[in-house]
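Undergrad: Just passing along the structure, written as structure tokens.
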Amino acid sequence: MSGAPADPVAKDPRWKVEHLPVLTAVSTALLLFAVSAAFFAAGPQAAVGAAAGVLIVTFSYTLSTLVIAWADTVRPALLMPLGMLTYVVKYTLLGVVLAFGVSSDWEGKKALGWSIVAAVVVWTGVQAWWVHLRTTRK
Numbered sequence: 008m009s010g011a012p013a014d015p016v017a018k019d020p021r022w023k024v025e026h027l028p029v030l031t032a033v034s035t036a037l038l039l040f041a042v043s044a045a046f047f048a049a050g051p052q053a054a055v056g057a058a059a060g061v062l063i064v065t066f067s068y069t070l071s072t073l074v075i076a077w078a079d080t081v082r083p084a085l086l087m088p089l090g091m092l093t094y095v096v097k098y099t100l101l102g103v104v105l106a107f108g109v110s111s112d113w114e115g116k117k118a119l120g121w122s123i124v125a126a127v128v129v130w131t132g133v134q135a136w137w138v139h140l141r142t143t144r145k
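Take the sequence shown: its letter number 75 is residue 82 in the working numbering, and every next letter is one higher.
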């Protein structure tokens with residue numbers, strides 16, 4: 008009965024989504040950079056492709072974060088099935104978008120593909136950095 012006090016972070020559901028403002032800001036910066044670079048390198052179609060790629064990843068990752076946080080708050084038993092379903096749907100849609108982009112004659116397809124890859128790497132890296140900082144804070 009004299010165990011360590013309960014972790015207040017674990018009882019506060021906000022920690023599950025508190026990284027979203029940082030990731031949204033980083034994604035916005037990546038969006039501006041990708042659109043500018045694509046526009047100057049290959050024109051307006053590439054800029055549209057770059058914007059679409061970053062926005063697709065940002066939307067899908069934000070949505071999966073919200074679904075997982077909701078499931079964990081409402082009923083933790085739903086966390087694994089909803090999390091897996093969300094990831095399967097997300098990566099299937101990313102695969103379909105990339106497959107469509109590769110097979111099309113659209114001028115923005117390279118920028119779309121590269122911006123999806125960049126957004127996935129940046130989002131994952133920033134989220135890993137945020138988790139590291141969060142878990143090492145005292």
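The beta carbon of each residue, even a glycine, is placed where N, CA and C say it ideally should be.
Predicted model only: the values in this text are computed from it and were never measured.
In the DSSP assignment, the alpha helix (DSSP H) including residue 130 goes from what residue to what residue?
TA: It spans 116-143 - the alpha helix (DSSP H) in which residue 130 sits, taken as one unbroken run.
Undergrad: Between residue 122 and residue 57, is the Cβ-Cβ spacing less than 7 Å?
TA: Yes, the Cβ-Cβ distance between residue 122 and residue 57 is below 7 Å.
Undergrad: If you draw a straight line from the alpha carbon of residue 44 to that of residue 37, how long is it in whole angstroms?
TA: Taking the straight line from one Cα to the other gives about 10 Å.
Undergrad: Indicate the three-state DSSP secondary structure (helix, strand or coil) for residue 24 in the structure shown.
TA: Of the three classes helix, strand and coil, the one that applies to residue 24 here is coil, per DSSP.
Undergrad: Contact check, residue 114 vs residue 53 under 8 Å by CB: the rounded distance?
TA: The pair is a contact, with the Cβ atoms about 6 Å apart (cut-off 8 Å).
Undergrad: Along the alpha helix (DSSP H) that carries residue 83, what are the first and last residues, could you check?
TA: Run containing residue 83: none; DSSP gives neither H nor E here.
Undergrad: Check whether the region 89-96 and the region 27-35 touch, using three or more Cβ-Cβ pairs below 8 Å as the test.
TA: Output reads no: the region 27-35 does not touch the region 89-96.
Undergrad: Determine whether the beta carbon atoms of residue 68 and residue 136 lie at a separation below 7 Å.
TA: Not a contact, by the Cβ cut-off of 7 Å.
Undergrad: One question on the structure: do residue 85 and residue 78 come within less than 7 Å of each other, judged by their Cβ atoms?
TA: In contact: residue 85 and residue 78 (Cβ atoms closer than 7 Å).
Undergrad: Can you tell me whether residue 102 is buried or exposed, with buried defined as 16 or more other CB within 10 angstroms of its CB?
TA: Exposed, by the Cβ-count rule.
Undergrad: By DSSP, does residue 77 sit in helix, in strand, or in coil?
TA: DSSP places residue 77 in helix when its eight states are reduced to three.
Undergrad: If I'm right that residue 72 touches residue 34 with Cβ under 8 Å, what's the distance once you round it to whole angstroms?
TA: Going by Cβ atoms, the distance from residue 72 to residue 34 rounds to 12 Å, so no, they are not a contact pair.
Undergrad: How long is the line joining the alpha carbons of residue 2 and residue 125, rounded to whole angstroms?
TA: With the chain covering only 8 through 145, there is no way to say anything about residue 2.
Undergrad: Is the beta carbon of residue 100 sitting closer than 7 Å to the one on residue 108?
TA: Not a contact, by the Cβ cut-off of 7 Å.
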